[in-house]
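Reading through the structure tokens given below for one structure.
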Amino acid sequence: MSGSESAPGRNVMRREPDAIDRRLLELLRDDARIPNARLAEEVGLAPSTCLARVRALVDAGVISGFHARLDPRALGLTLEALISVSIRSGARTALAHFAEEMRQLPEVQQVWFLGGAEDFILDVATRDSDHLREFVVENLSSHPSVASTRTSVVFEHTTPGLRLP
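Structural data, given as structure tokens:
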């Protein structure tokens, strides 16, 4: 997106992110709780200038939020799976409703709406295989909008975060 285009509900950076902005984004991606004084030191700025740059990145929508990443295993959810979901052709008008229903379920960590063979991929975390089977049967197989599902168990997963060009 160029500086003259605007996404709905977002301001746009008046300039392209420079090397300092990119370094700030990398540091914040890796640790959103880094103190501003340390962040400023890492990029060679005064703390007030650093804070102003971070605020500008937030205002421009480049940074959309600061989040705590929870470890499902630490919460007793030791089995993660990706479930591909195809919606019945007659239920296409209910796509947004289905996605919102899924977001409300405690096992669902992420919901992706796709173009392609499947309509959604759900990232779910469960206690064990019995819990996973129960989730699929109760929330997907019996759902009136769902035509089919395909479940893949996740053995390992890393989140490197967005790499800047």
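Just add 487 to wherever you are in the sequence shown, counting from 1, and you've got my numbering.
We put the CB at the ideal spot given by N, CA and C, even for glycine.
By DSSP's assignment, Ala-612 forms a beta bridge with Glu-567.
Between Asp-610 and Leu-582, the gap from beta carbon to beta carbon reaches 9 angstroms or more.
Counting along the chain, Ser-535 sits inside the alpha helix (DSSP H) bounded by residues 534 to 546. Leaving aside the five residues that flank Ala-527 on each side, the residues in its chain whose CB is nearer than 6 angstroms to its CB run, in chain order, Pro-534 and Cys-537. Approximately 5 angstroms separates the beta-carbon atoms of Ser-571 and Ile-608; this is inside 8 angstroms, confirming the contact.
Around the Cβ of Ser-632, a 10 Å sphere holds 16 or more other Cβ atoms; the residue is buried. For Phe-585, there is no enclosing beta strand (DSSP E); the residue is found in the alpha helix (DSSP H) stretching over 582 to 590. Here Glu-513 really is in contact with Leu-651; their C-beta atoms are around 7 angstroms apart, less than 8 angstroms.
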